[in-house]
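Residue numbers (the working numbering), protein chains in the order written: chain A, 14 to 344; chain B, 14 to 344. Glycine included, each C-beta is placed from N, C-alpha and C at the ideal position.
Printed below as a string of structure tokens:
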């Protein structure tokens, strides 16, 4: 069935039957606004992301269910980076008229499934037709006790720099797709269906461990750069410490230049955070509890030293690019 | 200057210099999320809207400053319809690479100017390039004391139905533009730069007058239809009572069929609300204080009677269409 046969209000009606509101939702889908309650005394966190067909995704590369899941994860990742608990999601969709209702339902099934996994409720949105590409706009709200909010600007010289998981997997999958090849299924999943580190971000914040935190969406160097700018510090990153997956290492063995994808590829949706090295033993216990590998990749230094990357021999390494910028020529 | 020369982060940096955060904003633009405080005990209201070039607007018909202002107003209108106070705005922009930085700055100037007029702060967003049309995604947050929240579902038989302002002006301007004609400047402004009835919605809610309220974005009949559905009631609307502007009346005298634009044209961004007729004297005092004309257009009836429209002779009137549906064939 084409969406034009179901109609806008038919689509919204079907959607309302699929979602459950959850705690704190006074009014979900179906009025002019959602009306929501937050835990008393907690700060409201809000983030918004656009995903545009042909810019952020291609429908011939991803299945709609994964696309729905990813639309949730990339936003929840920002809530996680502030130490927050995800609560509410809003979805704006600009839909080409020829879209099959089944494709949209698979997208929505993935969206609602992922929202439930992170404990967030879909409580509002907007649907309209698009004359061009499929457009996805997601706004996520979470909350955090004010004293546990983690910002980008708190890194201090001497702090250790940690990242979760492994880097470059998503960018390597994209690199393969752009070359017309089929990526390794595990890598493909890291690209099409990433997991936001929601539990980890919350646990780190609740333990008051990070001095600064950010999620890795633009690539390690670009996002670390944001932390350095906000904190007024420099950093030394050791290439040999950057955590890589077995699939990534296998590709790297054949093509050493791929290391750049782990530094500047983007879309890792891992967390990068800094902490006082005295807290590292506590951090290791927390990592074991949460079940997410955490790896120290470098150290915060004085602002005069800037951002340095050291290769395996301890020599300065110069990456050819620093990260993703949407308006760069050729980006 | 093209946006590609300024760059994504250059654009965001410029933007940060232009916005001021205002009360309750712990963290505005520049971290993974905005971190916000709401007045204790108030509900969080949130709404989101997509505006897509060629679907919702044409850049050859509107100037960028008005487009920025309208992007704010259409969202604030939803906050007003719940009786809320506007607080925060989030802006997602998908920007064609060839866009002039000057055009974008005019858009942003309009956006920030309108936000300030409604007392809301721009505190976050997302910018990326668009391979196709200009895409605007706005999320607005407001708050309302829980006991003053106005929903769609509270209309009761016997309630009077009121609308603010005049209806059909925006649709008439669009009708002219679609016909290749230049609309009357006042009508054009009602279309390109509408005013959300923020002060009115808040005052009505604070006085606990409306039993139900909605903003008129899809047209009188469609939006009244949402109220009837949510409330489980019917309504009788008198065509002769629908408030029309002098410019609209002048056009109507030449082409009586245009009356449909006042019933089903959409984009009025006026408020429709219902209230117990015993409160009408109090309502008239409030209207005078707020300075917004309010007009009774009909009455809520039992659900069996459905939605009836009566013409000037009191006979049933059948409109040819009921309102805007984004996925209707030919919509």
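Among the CB atoms of chain A, none fall inside 8 Å of the CB of residue 73 of chain B. For residue 295 of chain B, the three-state secondary structure derived from DSSP is helix. The stretch 160–178 of chain A makes no contact with the stretch 33–48 of chain A: fewer than 3 CB pairs, one atom from each, lie closer than 8 Å. Note on geometry: alpha-carbon atoms of residue 269 of chain B and residue 88 of chain B lie some 32 Å from one another. Between the stretch 286–304 of chain A and the stretch 217–232 of chain A, the count of C-beta pairs closer than 8 Å reaches three or more; the two stretches touch. In this structure residue 204 of chain A touches residue 280 of chain A by the C-beta definition: roughly 7 Å separates them, less than 8 Å.
Here the alpha carbons of residue 276 of chain A and residue 108 of chain A stand approximately 35 Å from one another.
Taking 3 residues as the minimum length, the beta strand (DSSP E) runs contained wholly in the stretch 150–179 of chain A are 173–177, in order along the chain. The three-state reading of DSSP puts residue 222 of chain B in coil, since its state is none of H, G, I, E or B. Under the Cβ distance rule, residue 297 of chain B does not count among the residues neighbouring chain A, no pair being separated by less than 8 Å. Sorting A:59, A:92 and A:134 by C-alpha distance to the C-alpha of residue 28 of chain A places A:134 at the top. Shown here, residue 307 of chain A sits in a strand according to DSSP, grouped into three states. By the Cβ-count criterion, residue 333 of chain B is exposed, with fewer than 16 other Cβ atoms from all chains shown falling within 10 Å of its own Cβ. Taking all protein chains in view, the Cβ of residue 327 of chain A is surrounded by fewer than 16 other Cβ atoms within 10 Å, so the residue is classified as exposed. If you compare the alpha carbons of B:319, B:59 and B:260 with that of residue 100 of chain A, the shortest gap goes to B:59.
In the structure shown, residue 101 of chain A falls within a strand segment according to DSSP collapsed to helix, strand and coil. In this structure the stretch 234–254 of chain A does not touch the stretch 195–210 of chain A; the number of beta carbon pairs closer than 8 Å is below three.
Under the Cβ distance rule, residue 65 of chain B counts among the residues neighbouring chain A, one pair being separated by less than 8 Å. Boundaries of the beta strand (DSSP E) around residue 143 of chain A: 134–143. Sequence-ordered contacts of the stretch 207–219 of chain B with chain A are nonexistent [C-beta pairs closer than 9 Å].
A straight-line Cα-Cα distance of about 9 Å links residue 90 of chain A and residue 214 of chain A. The beta carbons of residue 105 of chain B and residue 138 of chain B sit closer together than 8 Å. Looking at the DSSP output, residue 47 of chain B bridges to A:59.
Between the alpha carbons of residue 244 of chain B and residue 237 of chain B lies a gap of roughly 10 Å.
Residues of the same chain with a CB within less than 7 Å of the CB of residue 155 of chain A, apart from the 5 flanking positions on each side, are 58, 92, 97, 98, 99 and 100 in chain order. Leaving aside the five residues that flank residue 74 of chain B on each side, the residues in its chain whose CB is nearer than 8 Å to its CB run, in chain order, 190 and 205.
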